[in-house]
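Letter by letter, the sequence shown follows residues 162 to 418 in my numbering.
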Amino acid sequence: MQHYKTLTDLHLGNNWDPPEHPLFSMIGCQSACKLGNREFTTDCYVIAFKKIKSGIFIYGRTPYDHNNGCLFFAKPRQIIEMKNLEFEEKGYMLMIHEDYLNGHELFKEIEKYSFFDYEVTEALHLSPKEEQIILELHSKIQGEYFNNPDEYSREIILSHISSILKYAQRYYKRQFLDREQVNGKTASKFNDALRKYVNEGLMAKNGLPNVSFLAEQLFVSPRYLSDLLKQETGKTAMELIHIFMISEAKNLLRLGE
162 MQHYKTLTDL
172 HLGNNWDPPE
182 HPLFSMIGCQ
192 SACKLGNREF
202 TTDCYVIAFK
212 KIKSGIFIYG
222 RTPYDHNNGC
232 LFFAKPRQII
242 EMKNLEFEEK
252 GYMLMIHEDY
262 LNGHELFKEI
272 EKYSFFDYEV
282 TEALHLSPKE
292 EQIILELHSK
302 IQGEYFNNPD
312 EYSREIILSH
322 ISSILKYAQR
332 YYKRQFLDRE
342 QVNGKTASKF
352 NDALRKYVNE
362 GLMAKNGLPN
372 VSFLAEQLFV
382 SPRYLSDLLK
392 QETGKTAMEL
402 IHIFMISEAK
412 NLLRLGE
């Protein structure tokens with residue numbers, strides 16, 4: 162598997178035009194385009210808006226082949242795999258090298274956005290209105306990227322990227338609420354998984370369950386599960402595990418009296 166340390170190498174390895182900036186680049190599809198078959202990692206944050214026409218896009222552990230307009234987020238050194246991938250028009254990728262953020266508040270701020278740790282199947286589905294807002298921000302970044310750079314360019318580009326991330330946080334909150342209405346309370350399913358863990362004797366055998374194990378039972382990533390539970394209950398997955406186990410312990414004590 163190829164690891165690209167620089168954007169120049171990434172562009173060269175994928176037969177893209179050279180980047181306008183060594184630490185920040187934009188890949189766009191103004192009409193249908195193909196990216197073929199490849200698997201790679203980078204030292205970049207990736208923000209991608211895609212309408213997948215055909216093929217499979219993979220990061221994390223699971224494939225995604227939906228054709229709605231979606232926002233995907235990937236962090237440095239996360240495996241990205243593409244198989245026979247073809248996009249509809251208005252697709253783009255922002256490639257932000259870690260070093261591009263040095264000395265900027267986004268260097269620390271970007272670490273707070275847990276959706277960079279989500280699986281591809283947990284991508285952000287946009288409504289037409291939301292899609293328009295994101296595309297307008299992309300257009301502003303594009304205007305800065307392809308114009309002659311000056312001392313303000315980086316700050317303006319990063320401010321628009323920061324806005325995209327803030328909107329994504331808002332839209333994910335909406336998506337969590339939509340998911341709750343369709344699929345029911347995640348917290349209830351989470352407690353059912355905990356109860357099953359205890360009833361099957363896994364608690365006595367393996368000790369306290371971890372968030373990753375329970376996330377697998379619910380077919381979501383650990384960070385996505387914690388964010389869903391936080392939205393529903395105000396508590397993290399670990400806090401709910403401890404609350405459940407304390408309740409179980411109290412129940413056992415009552416039975417023993």
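Even for Gly, the Cβ is constructed at its ideal location relative to N, Cα and C. Bear in mind the structure is a predicted one, so any value in this text is a computation, not a measurement.
Query: Pairwise C-alpha distance: V359 and C231; Result: 38 Å
Query: Element boundaries [alpha helix (DSSP H), containing L150]; Result: The first residue shown for the chain is 162 and the last is 418, placing residue 150 beyond what the model contains.
Query: Own chain partners of Y284 with C-beta closer than 7 Å, once the 5 adjacent residues on each side are dropped; Result: The sequence as given places Ala at residue 284; Tyr does not occur at that position. So the qualifying residues of the chain are Y225, C231, L232 and F233.
Query: Buried/exposed call for L363, threshold 16 Cβ in 10 Å; Result: exposed
Query: Inter-residue spacing [alpha-carbon to alpha-carbon] between V343 and H403; Result: Note on V343: pLDDT 46, under 50, position unreliable in the model; no value is reported.
Query: One or two residues paired with H321 in a DSSP bridge; Result: Note: H321 sits in no beta bridge, so no partner.
Query: Outcome for I325 when other beta-carbon atoms lying within 10 angstroms are tallied against a minimum of 16; Result: buried
Query: Reference I257, options E200, L184 and Y279, closest by Cα; Result: L184
Query: Per-residue burial, I407 [other beta carbons within 10 Å of its own, 16 or more giving buried]; Result: exposed
Query: Top-ranked residue by Cα proximity to K273, from A329, K366 and D311; Result: A329
Query: Cβ shell of E393 (< 7 Å), same chain only, five flanking positions each side left out; Result: E341, K346, T347 and A348
Query: Distance cut-off 8 Å: A354 Cβ against heavy atoms of the ligand ZN; Result: Summarising the ligand content, the structure contains no ligands, and the ligand ZN is consequently not present.
Query: Local conformation of K244 per DSSP, three classes; Result: strand
Query: Residue range of the unbroken alpha helix (DSSP H) whose run includes Y385; Result: P383 to T394
Query: Residues that DSSP places opposite K211 in a beta bridge; Result: C231
Query: Span of the alpha helix (DSSP H), counted from its first residue to its last, around G174; Result: L168 to G174
Query: Boundaries (first-last residue) of the alpha helix (DSSP H) holding Y358; Result: T347 to N360
Query: Own chain partners of R238 with C-beta closer than 6 Å, once the 5 adjacent residues on each side are dropped; Result: T202
Query: Residues bridged to S186 [DSSP beta-bridge criterion]; Result: M256
Query: Top-ranked residue by Cα proximity to E292, from D204, A209 and M187; Result: A209
Query: P383 burial status per 10 Å Cβ neighbour count (16 or more: buried); Result: buried
Query: Cα-Cα separation, A376 to K236; Result: 20 Å
Query: Unbroken alpha helix (DSSP H) run spanning Q378, endpoints; Result: V372 to Q378
Query: Short CB-CB distance (under 9 Å) between L390 and chain C; Result: The structure shown contains no chain C; it is built from a single protein chain.
Query: Residue from K391, Q303, E200 and M162 with nearest C-alpha to Y253; Result: Q303
Query: Short Cβ contact (9 Å threshold) for L255 with S186; Result: yes
Query: Burial state of Y313, where buried means 16 or more other Cβ atoms lie within 10 Å; Result: exposed
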